[in-house]
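Residue numbers (my numbering), protein chains in the order written: chain A, 42 to 291; chain B, 4 to 262.
Here it is, written out as structure tokens:
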């Protein structure tokens, strides 16, 4: 990045904060809060450590849900991608479930699994599952059949072709599915917490809303933004290191 | 060694049947280099797929070493026009692929030694850790050749392997192919649309007719080996063969390009 571009970005950021501060002065901090108040709030949370529990709760829901969703999504995607029969039988059901806005499952999941982490984990896993499922199926479809034939002629058993060609061949698609799923996982965890929870950033968010604590809401949004960016960056990094052979494309 | 007797193939797609190959009879002797020449769509690739056992004939039989081919034939190596190197493996891992399989299980040290020797043989030394996307077209062809030769198949099926290469590189690769297949006494079934390539390499050239494919002419090429691939084109013998076979081929090329 050019130095002058960077300076412009910093200037713009400062300008934005200044405008926010000015709006607070003009219209009153009760609705708009101010960068100073938000910074103070964040500092207080970090000092007392009270925020960590909530951050960890949201992150745990997200990560556990992601792992479950990715594993199940990849497994089912491979199965559906490889077996035309299974795919034909299950396709209508899968599309029916997927056409429901998945977030709207949250009240049902809370009724079934209570108000702790479990329903949020299930919600995250469900959202992630479908995104990874569709991508994995596409990946299986895109594997070059000639590569599979070459392995057959070498005398590869079925499982050898699977590990050496099919799975690495769909990896590009699986990883791009996971990457797309990452922000949705954060959304699902937060929304689930907003509906009913004892801990988590989403719970704090709806709680602060009910108390008209605008400063806390802004502070929480800031934390969620940082988490979202971190998660997306991690995804890009993981993808980049697993697909090193691809980055070198001319 | 390889014998097709009245082997034909038709495909059906959306209720229509498309004939890829008219029933055809052809025998290939062990260690023979046979080249199939014909316009595109004449079923040359279908013949290779039948020998490889990737396709079953709709009628007639295909025998390999006296046995009817009913499953993927693991005694052949197949090199297609599009190289099928695995893009996520570097050159040495691609070349060593066959040695990782249970059927050809080799100890790690022995495999590494064979991979190194094979890479050296095809002139890719120094590129062991390069990925296919970092190689030129000719290097990828060499890598694909090395990956196939390493498991020492008795028969090499080649489907326009040098089609995508430029003229100079093609001559180099032809020379290399002649050297490798002569030294290892491999049977080769070589499909091409380039008559010159076929004459330069083969013991017998088979001229195929336009779709649906039939054998129009089989010609022995008795130019002694080893042949000088680079100078061969300027000899009277070559010119005469070329003219003779081109007269057979040109009608078919005209027919085959109606599109």
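The beta-carbon is built from N, C-alpha and C at its ideal position, and this holds for glycine as well.
As the structure is a computational prediction, the values presented were derived from the model and not from experiment.
Under a Cβ-count criterion, where at least 16 other Cβ atoms within 10 Å of its own Cβ denotes burial, should residue i be classed as buried or exposed?
i              : result
residue 162(B) : buried
residue 95(A)  : buried
residue 252(A) : exposed
residue 230(B) : buried
residue 135(B) : buried
residue 134(A) : exposed
residue 151(A) : buried
residue 143(B) : buried
residue 15(B)  : exposed
residue 37(A)  : This structure gives no information on residue 37(A), because the portion of chain A shown stretches from 42 to 291.
residue 180(B) : buried
residue 47(B)  : buried
Just the Cα atoms here: how many angstroms apart are residue i and residue j?
i              : j              : result
residue 45(B)  : residue 149(B) : 29 angstroms
residue 4(B)   : residue 31(B)  : 6 angstroms
residue 193(B) : residue 38(B)  : 5 angstroms
residue 117(A) : residue 169(B) : 45 angstroms
residue 110(B) : residue 120(B) : 15 angstroms
residue 157(A) : residue 239(A) : 7 angstroms
residue 47(A)  : residue 117(B) : 53 angstroms
residue 174(A) : residue 264(A) : 30 angstroms
residue 269(A) : residue 137(A) : 29 angstroms
residue 82(A)  : residue 88(A)  : 10 angstroms
residue 157(B) : residue 76(B)  : 11 angstroms
residue 208(A) : residue 128(A) : 18 angstroms
residue 190(B) : residue 205(B) : 11 angstroms
residue 258(B) : residue 42(B)  : 8 angstroms
residue 111(A) : residue 124(B) : 44 angstroms
residue 225(B) : residue 207(B) : 8 angstroms
residue 57(A)  : residue 70(A)  : 16 angstroms
residue 151(B) : residue 83(B)  : 11 angstroms
residue 43(A)  : residue 55(B)  : 57 angstroms
residue 235(A) : residue 147(A) : 10 angstroms
Closer than 8 angstroms, CB to CB, is residue i near chain B or not?
i              : result
residue 240(A) : no
residue 194(A) : yes
residue 191(A) : yes
residue 198(A) : yes
residue 188(A) : yes
residue 290(A) : Any reading at residue 290(A) needs caution, since the residue's pLDDT is 49, under 50, leaving its predicted position unreliable; the model's value is listed next. Yes, because at least one Cβ of chain B sits closer than 8 angstroms to the Cβ of residue 290(A).
residue 286(A) : yes
residue 201(A) : yes
residue 206(A) : yes
Would you say residue i lies against chain A (beta-carbon separation less than 8 angstroms)?
i              : result
residue 66(B)  : no
residue 76(B)  : yes
residue 81(B)  : yes
residue 57(B)  : yes
residue 204(B) : no
residue 87(B)  : yes
residue 164(B) : no
residue 215(B) : no
Going along the chain, which residues of its own chain have a beta-carbon closer than 6 angstroms to the beta-carbon of residue i, five neighbours each way excluded?
i              : result
residue 165(B) : 173 and 176
residue 214(B) : 44 and 45
residue 64(B)  : 8 and 71
residue 130(B) : 94
residue 6(B)   : 30 and 66
Who are the near neighbours of residue i in its chain, counting only those whose CB is closer than 7 angstroms to its CB and skipping five residues on each side?
i              : result
residue 271(B) : Outside the shown range of chain B, which is 4 to 262, sits residue 271(B), and nothing can be said about it.
residue 219(B) : 210, 211, 212, 251 and 255
residue 74(A)  : 65, 255, 256 and 259
residue 236(B) : 199
residue 119(A) : 177 and 181
residue 98(B)  : 118, 121, 122, 146, 149, 150 and 153
residue 195(B) : 38, 40, 163 and 201
residue 26(B)  : 9, 10, 11, 62 and 63
Nearer than 7 angstroms: is that true of the beta carbon of residue i relative to any heavy atom of the ligand NAD?
i              : result
residue 100(B) : Ligands displayed in this structure: none; no statement on the ligand NAD is therefore possible.
Apart from the five residues just before and just after residue i, which ones in its own chain have a Cβ nearer than 8 angstroms to its Cβ?
i              : result
residue 249(B) : 198
residue 284(A) : 212, 213 and 216
residue 153(A) : 160
Would you check if there are 3 or more beta carbon pairs closer than 8 angstroms linking the segment 173-185 of chain A to the segment 239-258 of chain A? no
Segment contact, 8 angstroms Cβ cut-off, at least three pairs: the segment 81-88 of chain B with the segment 136-155 of chain B: yes
Quick check: the segment 228-243 of chain A against the segment 88-106 of chain A, are at least 3 beta-carbon pairs closer than 8 angstroms? yes
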